[in-house]
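Below is one structure, written out as structure tokens, with a few remarks after it.
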């Protein structure tokens with residue numbers, strides 16, 4: 060088994076009725092946080108926006124911050140421990156709230172620009 064397959068977990072991020080995106084979570088970025096997210100799958104909830112650059116979904120995941128950052132690139136996925144949200148970056152962002160980088164969206168990222176508050180996000184295991 061290659062080291063990449065142990066560290067990388069593949070999920071489908073669905074914007075119900077609009078698009079499916081591939082979400083890669085990477086254990087080496089934040090092992091405790093990624094483990095908590097993986098155990099909580101499937102996750103479903105309303106989409107929310109922070110400005111025009113960050114879409115997020117609230118979860119019931121309770122874990123502290125891990126390797127916190129405030130600068131993120133387009134396509135990054137991060138966990139905001141303050142409210143248990145998984146955030147998806149539509150554009151490069153700097154100076155945001157400290158979050159834990161957990162992975163990235165690897166395809167169809169442009170469809171996140173169509174997210175409206177109240178849309179439904181769903182995160183499920185890939186290949187199921």
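Numbering (the numbering used here), first residue to last: 60 to 187.
Heads up, the beta-carbon is just placed ideally off N, CA and C, and yes, glycines get one too.
Just so it is clear, the structure is predicted and the values come from calculations on it, not from any experiment.
Counting C-beta atoms within 10 angstroms of its own C-beta, residue 135 has 16 or more neighbours from the protein chains shown and is therefore classed as buried. Counted as a single uninterrupted DSSP element, the alpha helix (DSSP H) harbouring residue 92 occupies residues 90-99. It is roughly 8 Å from the alpha-carbon of residue 109 to the alpha-carbon of residue 115. For residue 120, no beta strand (DSSP E) encloses it, and the DSSP letter there is neither H nor E. C-alpha of residue 83 to C-alpha of residue 183: approximately 11 Å in a straight line.
Per DSSP, residue 171 lies in no beta strand (DSSP E) segment and is marked neither H nor E.
Its chain contains 151 as the residues whose beta carbon lies nearer than 6 Å to that of residue 132, once the 5 sequence neighbours on both sides are disregarded; these appear in chain order. Nearest to residue 77 by alpha-carbon distance, out of 177, 119, 170 and 185, is 170. The beta carbons of residue 137 and residue 146 sit closer together than 9 Å. Excluding sequence positions up to five before and after residue 174, its CB lies within less than 7 Å of the CB of 74, 106, 108 and 114, all in the same chain and listed in chain order. Secondary structure note for residue 73: its beta strand (DSSP E) is the uninterrupted segment 67-74.
Judged by their CB atoms, residue 159 and residue 88 are nearer to each other than the 9 Å cut-off.
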